[in-house]
Every structure is written in C-alpha cells, then in structure tokens.
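Enquirer: Below you'll find the structure I mean.
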Amino acid sequence: MIVGKEFTFDSAHFLPKYYGKCEKLHGHTYRLRVSVEGKIGENGLVMDFVILKKIVKEQVLDKLDHTLLNDVIDIPSCENIARWAWEQLADLPRLIEKQLDDPNLPESITKYF
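Quick note: the sequence shown uses this note's numbering, first residue -6, plus one each step.
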C-alpha cells in the first residue's frame, strides 16, 4: 500500500544561468508530497504520519521554508529542489516518491523516484 503526506513551504530564489524573468529574485509557495510504500502493520498503519511529518520537517522544511533557496542549493530549479529533498529523505523507510510543485504553476510538477 502507498500512503503519502503533503507539505507546503514558502521560499525565494533566482535562477543563475537562466535568461528570462526567473533570473530575477522571486518567490513561490511550494507543495511537497512524500509517499511511502509498505504493508499495513499490526497497528493498522503503513507509517505513522506523526513520524513522517517530524522527519520531513527536520530534514527539508526547516531548511527551506522562508529562505533564499540559492543559499542551500546552487541552482534551485524545481528539478534540483526535488533532487535535494530526495537526498535529504534518503534514509526515510520505504520512501518511493517525492513530488514538488508550485500550486500556482500547474506545469511545474517534478517527481523524483
């Protein structure tokens, strides 16, 4: 069974080596979806969401929320943010997918497996 949790965070960034309006400082509200896969345990859960929320908060949200992403990720494109978050959560048991998007930009969905 696959279960997941959605998180949001707000950050600013600019895209160096990009020529267009995104090369200037601007911000987004990002939506991060983290999914885990496993069997339902004796407690009726695949994974306790309290634990999942704590891990994602400590490993990703506390580092990215209300920050300049360029201070954390060299070229903070949606693709690189997704990869960075995946790497931060690599030790999360049964992690199978992480999806990042800006809800205001439907074309921005990026998945990392």
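Every residue gets a Cβ at the ideal spot worked out from N, C-alpha and C, and that includes glycine.
(1) Could you tell me the boundaries of the alpha helix (DSSP H) in which ALA78 lies?
(2) Three-state secondary structure (DSSP) at LYS(-2)?
(3) For the candidate residues ILE33, VAL27, LEU8, whose alpha-carbon lies nearest to that of HIS21?
(4) What are the partner residues of HIS21, as DSSP defines its beta bridges?
(5) What's the gap between the Cα of ILE33 and the Cα of GLN52?
(6) By the DSSP assignment, the alpha helix (DSSP H) with LYS46 in it spans what residues?
(7) If you run the structure through DSSP and keep just helix, strand and coil, what is LEU93?
(8) How many Å lie between GLY(-3) and TYR23 at the Cα?
Expert: On the basis of the coordinates in this document:
(1) Locating residue 78 in the sequence shown gives position 85, counting from the first residue. Start and end: 71 to 81.
(2) Within the sequence shown, residue -2 is the residue found at index 5, counting from 1. LYS(-2): strand per DSSP, three-state reduction.
(3) On the sequence shown, position 28 is the one that residue 21 refers to. Nearest of ILE33, VAL27, LEU8 to HIS21, Cα basis: LEU8.
(4) For the purposes of this step, residue 21 is identified with residue 28 of the sequence shown, where counting begins at 1. HIS21 is bridged to SER4.
(5) Sequence index remark: in the sequence shown, residue 33 carries index 40 (1-based). Sequence index remark: in the sequence shown, residue 52 carries index 59 (1-based). Rounded to the nearest angstrom, the two C-alpha atoms are 25 Å apart.
(6) Position 53 of the sequence shown, counted from the start, is the residue given in the question as residue 46. Start and end: 42 to 49.
(7) For this step, residue 93 is matched to residue 100 along the sequence shown. Three-state DSSP puts LEU93 in a strand.
(8) Mapped onto the sequence shown, residue -3 falls at position 4. Mapped onto the sequence shown, residue 23 falls at position 30. Those two C-alpha atoms are separated by around 16 Å.
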